[in-house]
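Numbering (the UniProt record's numbering), first residue to last: 1 to 716.
Step one of this worksheet: look at the structure below.
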Ligand code: ARG
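What follows is the structure, given as structure tokens:
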């Protein structure tokens, strides 16, 4: 008894006196109502209107989505854009050659005319959003199949888009939230003349490589800089020498005063996807079937790419960006398997669902909710093996450029062959440009190896669900060694060199594309990927309806505790604090919430692919040349931790203090909290950020590009 009372007292004492928001990816339009008081208590000094306003300039005007998958922010009156190095990576690699290797050596434009335009890169400004749930839900009813429902909703969405795009000036996107229980529309403006301003050398920008990726303590200068250009009136425009740097509505001032434990920190950005509402059996499916196949398939592709990447700088540039993308989620998915298993997340969820099921089977709820949990579980049970199969196949399609050739270059050549002479003349230029781009991104010997290895894995590992009959047949005839098949397919295919493609454009032949062995294989794979049995189609339909009801019911019954919708690449805000991970001995600093340049130098391994450093960094660290960016403690802080709730897509997001000033750049999460996309653990989940002072030190002191820093508004 005494023990019980004692533990009760400890429990009460452990309840924090201040509200801790950390968990939650919030909508800007509801900040005032849901979060603002809490945010103020924690240290926010801005009004909700200063963060998001439709009529006045506000913080949101400085936040952009970067090339569809990352976040970036505007940090000067001349449209300077700051994002992560790993977000600019693809563009930087594209603009690099073995001779002018900006990826390897770094790059800073001396003036505007040195800024370089990659082939395609855009930033997206957020104009406004609104709730259209009532309107959308008024066109559907419970008797509709999921397909009918989708059709009705899409028709309404098309109307909403048309009503709000102002004759094509804006991109309007209507998205579903809470699993189809709410709908909001978002109005955006896209700018596509975006140029590279500068980047640190890869040794700094990707310091620690895949070994340190998703890990704390971290020492990475994960940033790169771009500039957005518009026409003379500030409107979006195609690339032109006449374009001028955009004068943004708002840009972020930069605070170089440094941060400490418990300082307020908020992040605005575009988190891509979370599964916080995912049912237990869905988590189980991912842990046991989907993710293990994903991890294995990624690794097979990575090993083949790596074999060639190490051969030369030129080959490294061909695959560097693809490799980084695959490696990133290879490690993430293994981390998720480990964390979800260790924390028994599926069990926690199952307990909640059991509670829900009881509620759902009360007489007053039964008709609507009675079957929800059973239907969901049935769907996952039926699709476990298919999900393993799909993930092996997905990694093949992701790592092999030829897996999807029938939908890219192959389709263009097919259209070309079928067109009349006049049409062909119009099409030839675009196709030959597309082909030129395509062959820059492939190296044929590597592609052969990737495809053969992936086919072998796919044919032998997907045992519980039928693989593509076409692949099965080839495998059977060759003892699942696809080398000979792939070699002969590459020999006779039209799609394996720019010369062959150009020759085809001169003398097109419809039959030759339809019969091209690589196009044929790709078609077979994609068709199989997209096909399903009637039984599974039916289960999927019922699952869609049930998952929507589960979320509705969890909210109605208050058995679910989450107050925000899953991430879906729409703008969100998360607020919390600068916060150390529970003390342990891994860090080089006294408080485990930041790392230093000294710590980075301690990790240095001369000539290593991941931990090498420029000589100059070693020198500058030894001489403590930290300039105006040294911390009060005399060291140069490089990365720090906050307890914000972010996920992939938030990469490049600004970390802001209570006044809305830039203090850092979010770039990663920690491996201990890899279950975070499914369940937020406030003791473990952290955001890893680059300290803005390290960013400026790399630009000004290390690279000598003070002209760039001079554009910014610095506050101390
Ligand atoms: N984990 C980071 C993210 O998903 C990407 C880091 C890229 N670095 C790397 N070594 N692959 O945002």
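Note that the Cβ used here is the ideal one computed from N, Cα and C, for glycine as well.
Item, Value
"Cβ separation of residue 414 and residue 513, assumed to be a contact under 8 Å, to the nearest whole Å", "5 Å"
"As assigned by DSSP and simplified to three states, the class of residue 15", "Caution applies to residue 15, whose pLDDT of 37 falls short of 50 and renders its modelled position unreliable; the value that the coordinates give is listed next. In this structure, residue 15 counts as coil in the three-state DSSP scheme."
"Residue 57: CB within 8 Å of a non-hydrogen atom of the ligand GTP", "The ligand GTP is absent from the structure shown, which contains only the ligand ARG."
"Enclosing alpha helix (DSSP H) for residue 356 [first to last residue]", "345 to 360"
"Between the CA atoms of residue 384 and residue 373 - distance to the nearest angstrom", "17 Å"
"Span separating the alpha-carbon of residue 681 from that of residue 673", "7 Å"
"Euclidean distance between Cα positions of residue 497 and residue 503", "10 Å"
"Helix, strand or coil at residue 702 according to DSSP, with G and I counted as helix", "helix"
"Touch test, the region 74 to 89 against the region 272 to 281, Cβ-Cβ under 8 Å, three pairs minimum", "no"
"C-alpha gap between residue 349 and residue 343, whole angstroms", "11 Å"
"For residue 719, three-class secondary structure by DSSP", "This structure does not reach residue 719, given that the chain is present from 1 up to 716, and the question cannot be answered."
"Presumed contact (8 Å Cβ cut-off) between residue 105 and residue 313, rounded CB distance", "Between residue 313 and residue 105 the Cβ distance is about 11 Å, and since that is not below 8 Å, they are no contact."
"Where residue 709 sits in the DSSP three-state scheme", "helix"
"Start and end residues, alpha helix (DSSP H) containing residue 328", "313 to 342"
"Rounded separation between residue 572 and residue 68 - CA only", "15 Å"
"Near the ligand ARG: residue 66 beta-carbon under 8 Å from a heavy atom", "no"
"Chain B contact for residue 64 (CB, 9 Å cutoff)", "This model lacks chain B altogether, as it is built from one protein chain only."
"Backbone secondary structure at residue 25 - three-state DSSP", "coil"
"Cβ-heavy atom distance, residue 324 to the ligand ARG, below 8 Å", "yes"
"Length at least 4, wholly inside the region 79 to 126: the alpha helix (DSSP H) runs in chain order", "85 to 94, 102 to 105"
"Simplified DSSP assignment, three categories, for residue 697", "helix"
"Helix, strand or coil at residue 380 according to DSSP, with G and I counted as helix", "helix"
"Same chain only: Cβ atoms within 6 Å of residue 177, ignoring 5 sequence neighbours per side", "565"
"Assumed close pair residue 246, residue 170 - CB separation to whole angstroms, cut-off 8 Å", "Residue 246 to residue 170, Cβ: 16 Å. No contact."
"Buried versus exposed call for residue 435 [16 or more other C-beta atoms within 10 Å across all chains shown]", "buried"
"Cα-Cα separation, residue 15 to residue 407", "Bear in mind that the predicted position of residue 15 carries a pLDDT of just 37, short of 50, making it unreliable; the figure below should be weighed with that in mind. About 56 Å."
"Three CB pairs or more closer than 8 Å across the region 410 to 427 and the region 265 to 277", "no"
"Rounded straight-line distance, which links the Cα of residue 175 to that of residue 161", "11 Å"
"Residue 219 beta carbon near the ligand ARG (any heavy atom closer than 8 Å)", "no"
"Beta-carbon proximity list for residue 580, same chain, < 7 Å, skipping 5 on both sides", "261, 591, 592, 593, 641"
"Residue range of the unbroken alpha helix (DSSP H) whose run includes residue 411", "409 to 418"
"Burial state of residue 488, where buried means 16 or more other Cβ atoms lie within 10 Å", "exposed"
"Residue ranges of each alpha helix (DSSP H) within the region 265 to 320, 4 or longer", "280 to 285, 291 to 309"
"DSSP state of residue 720 mapped onto helix, strand, coil", "The structure shown does not extend to residue 720, since the chain is modelled only from 1 to 716, so the question has no answer here."
"Length-filtered (4 minimum) alpha helix (DSSP H) runs lying within the region 559 to 616", "597 to 603"
"Reference residue 227, options 472, 66, 44, closest by Cα", "66"
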